[in-house]
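Protein chains in written order, with the working numbering: chain A, 5 to 159; chain B, 13 to 439.
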């Protein structure tokens with residue numbers, strides 16, 4: 005389980021997010037999450053060989069095809085695919101590897117961690133953003149935040 | 013690094029509210045508004061598509077109500093909660109979230125009379141049939157499950173029979189059948205019992221009772237554990253595109269809080285039993301002192317039960333905290349901090365003597381409620397369970413002479429004094 009301080013750091017320092025397996029269908033969870041992050045100030049880089057463009061951004065077939073630095077690699081693929089994606093994430097110098105809810109790959113986690121990446125696993129980037137910086141609490145979700153300080157500034 | 017785990021009393025006071033960045037208001041603000049302005053047409057579309065989190069209309073969500081929701085979710089150690097206008101609305105919205113015409117519910121037969129009627133009469137009219145079983149033997153639930161069963165339903169403590177459910181055993185039966193166990197945890201409150209710890213999927217509350225605690229306010233809460241696998245094949249309504257909300261798949265989209273999101277976006281949005289922000293505020297004032305009140309409720313109730321046990325005018329006493337009560341062993345397991353505020357008894361002389369007792373109490377309030385800070389008394393056969401036949405009443409654990417006492421927070425000697433003087437007049 006990743007602690008709150010680590011999640012806050014990943015979300016504050018990872019403003020460019022490559023979303024591997026992003027769908028162009030508006031009702032898919034990957035589209036929900038990417039659109040939300042885009043609306044909250046993040047640069048979304050779609051990674052999916054099936055499309056040319058998603059959410060107004062050029063879509064790349066894989067991580068190594070992206071011609072500029074990426075902070076966070078966000079994975080919406082089946083667990084078994086996470087290992088080669090982790091290798092690519094290391095190769096392009098990403099700071100963080102984020103595996104979405106249901107994506108569990110301990111080998112990928114270990115590899116990325118040993119290369120110095122911060123790894124978040126089995127969590128949704130949108131839900132964690134909304135949990136820590138506001139939004140999720142409006143829908144009765146147990147954010148586990150206990151604090152008497154005013155709501156934190158958004159990343 | 014791991015996050016600090018906060019204790020129950022801290023959660024009662026803090027969960028769900030961070031002082032807002034504009035005013036710093038320490039108390040929870042009352043957002044007495046129906047609607048919320050959009051940033052732009054695109055923002056409005058995103059909100060309606062559930063692509064972003066935000067408030068649209070207070071029938072669906074409200075920032076004051078949300079504090080209560082998150083606080084109760086935290087106290088139950090659950091994933092999420094949704095608050096509604098009453099406890100009856102909570103069970104209706106929760107059950108209709110996964111049940112439709114042709115489906116079946118297997119429920120304990122010792123439920124609160126209003127719940128029994130909701131299932132036995134009103135749900136039956138909708139084509140949802142309930143099989144009532146003797147919950148004292150958990151295997152009775154297993155025997156009643158069919159291919160149409162969608163949920164097992166019971167109360168932590170039966171009302172008013174006060175039989176303690178073997179939650180762990182019934183959960184195991186439910187989970188083996190791929191079904192969720194819904195527990196009405198009203199009588200215990202999250203302080204005395206945590207149904208999720210024993211495998212329940214959903215916990216329901218009439219917040220009107222101990223959560224509010226002062227007899228001022230109606231409310232209900234549905235809490236989701238976040239652990240039930242709604243994609244196990246039995247619940248297409250959780251996994252298939254929603255006809256009621258333009259094709260959203262609730263479990264896929266919201267995962268471990270998909271059940272409460274569906275309650276909100278389908279149940280609250282289309283049936284409408286919303287909790288008002290002002291009522292949420294009042295309930296929150298009660299929740300702040302929940303643990304303190306429950307400890308006193310329990311110690312006073314146990315003392316009253318022991319007093320009645322030895323009183324010459326009393327025919328029988330039922331309180332799970334008494335060693336000779338049939339639910340004592342289960343009570344020790346599931347209600348280790350105390351067996352709650354409610355006890356029942358019969359007076360020598362039967363129902364007429366009971367009526368006389370109720371007429372004679374001085375400050376015990378004769379009314380149809382439990383969980384007030386004040387002591388309350390009622391004769392269920394002629395009031396809360398009046399809609400049932402005498403056979404049904406007995407099956408629900410309501411003999412004609414039963415008197416139900418919800419022991420309050422008054423000075424214990426005064427409660428005993430009032431009971432004693434009324435008993436002496438009941439001859």
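All residues carry an ideal CB built from backbone N, CA and C; glycine is no exception.
(request) Could you list which residues in chain B have their beta carbon closer than 8 Å to that of residue 116 of chain A, in chain order? (result) Per Cβ cutoff of 8 Å: no residues; residue 116 of chain A is ~18 Å from chain B at best.
(request) Could you tell me whether the region 14-25 of chain A touches the region 76-93 of chain A, where touching means 3 or more Cβ pairs closer than 8 Å? (result) Between the region 14-25 of chain A and the region 76-93 of chain A there are three or more inter-stretch CB-CB distances shorter than 8 Å, so the stretches are counted as touching.
(request) Verify whether the separation of the beta carbon atoms of residue 90 of chain B and residue 285 of chain B is less than 7 Å. (result) Their beta carbons are not under 7 Å apart, which means residue 90 of chain B does not touch residue 285 of chain B by this criterion.
(message) Tell me the DSSP secondary structure of residue 325 of chain B in three-state form.
(response) Shown here, residue 325 of chain B sits in coil according to DSSP, grouped into three states, outside any helix or strand.
(message) Counting C-beta neighbours from all protein chains within 10 Å, is the total for residue 54 of chain B 16 or more, i.e. buried, or is it exposed?
(response) Exposed, because fewer than 16 other Cβ atoms sit within 10 Å of the Cβ of residue 54 of chain B.
(message) Tell me which residues share the same chain as residue 102 of chain A and place their Cβ nearer than 6 Å to its Cβ, disregarding the 5 neighbours each side in the sequence.
(response) Cβ contact annotation for residue 102 of chain A (same chain, cutoff 6 Å, sequence separation greater than five): 76, 78, 124, 129, in chain order.
(message) Can you pull out the residues from the region 49-65 of chain B whose beta carbon lies closer than 9 Å to at least one beta carbon of chain A?
(response) Going along the region 49-65 of chain B in chain order, one finds 54, 55, 58, 61, 62, 63, 64, 65 with a Cβ nearer than 9 Å to chain A.
(request) Quickly, what does DSSP pair residue 120 of chain B with across the bridge? List them, please. (result) Note: residue 120 of chain B is bridge-paired with B/145 in the DSSP secondary-structure output.
(message) Residues of chain A with CB closer than 9 Å to the CB of residue 269 of chain B, please, in chain order.
(response) The contacting residues are 131, 140, 143, 144, 145, 146.
(request) Reducing DSSP to helix, strand and coil, say where residue 377 of chain B ends up. (result) Correct three-state label for residue 377 of chain B: strand.
(message) Using a Cβ-Cβ cutoff of less than 7 Å, which residues in the same chain neighbour residue 414 of chain B once the five nearest sequence positions on both sides are dropped?
(response) Taking residue 414 of chain B as the centre and dropping the five residues before and after it, the same chain places the C-beta of 172, 356, 358, 392, 393 closer than 7 Å to its C-beta, in chain order.
(request) Just grab the DSSP bridge partners of residue 50 of chain A for me. (result) According to DSSP, residue 50 of chain A bridges with A/23.
(message) Since residue 219 of chain B and residue 231 of chain B should fall inside the 8 Å C-beta cutoff, what is the C-beta to C-beta distance between them, to a whole number of angstroms?
(response) Between residue 219 of chain B and residue 231 of chain B, the beta carbon gap of about 4 Å places them in contact (Cβ cut-off 8 Å).
(message) Suppose contacts are defined by Cβ-Cβ distances below 7 Å. Is residue 353 of chain B in contact with residue 323 of chain B by that definition?
(response) Result no, Cβ atoms of residue 353 of chain B and residue 323 of chain B do not sit closer than 7 Å.
(message) Using CA atoms only, rank isn't needed, just tell me which of B/247, B/341, B/351 is closest to residue 311 of chain B.
(response) The shortest C-alpha separation from residue 311 of chain B is found at B/351.
(message) So for residue 78 of chain A, helix, strand or coil by DSSP?
(response) Annotated three-state conformation of residue 78 of chain A is strand, per DSSP.
(message) Taking its Cβ as the centre, do 16 or more other Cβ atoms sit within 10 Å of residue 89 of chain A, making it buried, or is it exposed?
(response) So residue 89 of chain A counts as buried.
(request) State yes or no: is the beta carbon of residue 126 of chain A nearer than 7 Å to at least one beta carbon in chain B? (result) Interface flag for residue 126 of chain A against chain B is unset, since no Cβ pair is found closer than 7 Å.
(request) Please specify which runs of the alpha helix (DSSP H), each continuous and at least 4 residues long, are wholly inside the region 282-336 of chain B, giving them in chain order. (result) Contiguous alpha helix (DSSP H) elements confined to the region 282-336 of chain B occur at 289-299, 302-321, taking only those with 4 or more residues.
(request) Determine which residues share a DSSP beta bridge with residue 141 of chain A and list them. (result) Its beta-bridge partners do not exist; DSSP assigns none.
(message) Does the CB of residue 39 of chain A have a neighbour CB from chain B at under 7 Å?
(response) Interface residue, yes.
(request) Using only alpha-carbon positions, find the residue among B/221, B/252, B/256 that is nearest to residue 229 of chain B. (result) Comparing Cα-Cα distances from residue 229 of chain B to each of B/221, B/252, B/256, the minimum goes to B/221.
(request) Mind listing the chain B neighbours of residue 122 of chain A? Cutoff is C-beta to C-beta under 9 Å, in chain order. (result) Those within 9 Å of residue 122 of chain A in chain B number zero; the least Cβ separation is about 12 Å.
(request) Specify whether the region 69-76 of chain B and the region 273-281 of chain B touch according to this definition: at least 3 beta carbon pairs, one from each stretch, less than 8 Å apart. (result) By the Cβ criterion, the region 69-76 of chain B is in contact with the region 273-281 of chain B, since at least three pairs of Cβ atoms, one from each stretch, lie closer than 8 Å.
(request) Tell me the start and end of each unbroken alpha helix (DSSP H) in the region 178-261 of chain B that is at least 4 residues and wholly inside, in chain order. (result) If we require 4 residues or more, the alpha helix (DSSP H) runs fully inside the region 178-261 of chain B come out as 179-188, 201-204, 248-251.
(request) For chain B, find out if any of its Cβ atoms is closer than 7 Å to the Cβ of residue 28 of chain A; answer yes or no. (result) Chain B, which has no Cβ nearer than 7 Å to the Cβ of residue 28 of chain A, makes this no.
(message) By alpha-carbon positions, which one of B/198, B/182, B/121 ends up nearest to residue 212 of chain B?
(response) Check the Cα spacing between residue 212 of chain B and each of B/198, B/182, B/121: the tightest is with B/182.
(request) Pick out whichever of A/50, A/17, A/114, A/9 has its Cα sitting closest to the Cα of residue 70 of chain A. (result) The option with the nearest alpha carbon to residue 70 of chain A is A/50.
(message) So, with DSSP's three-state summary, where would you put residue 55 of chain A?
(response) DSSP, reduced to helix, strand and coil, places residue 55 of chain A outside both helices and strands of the structure shown, so it counts as coil.
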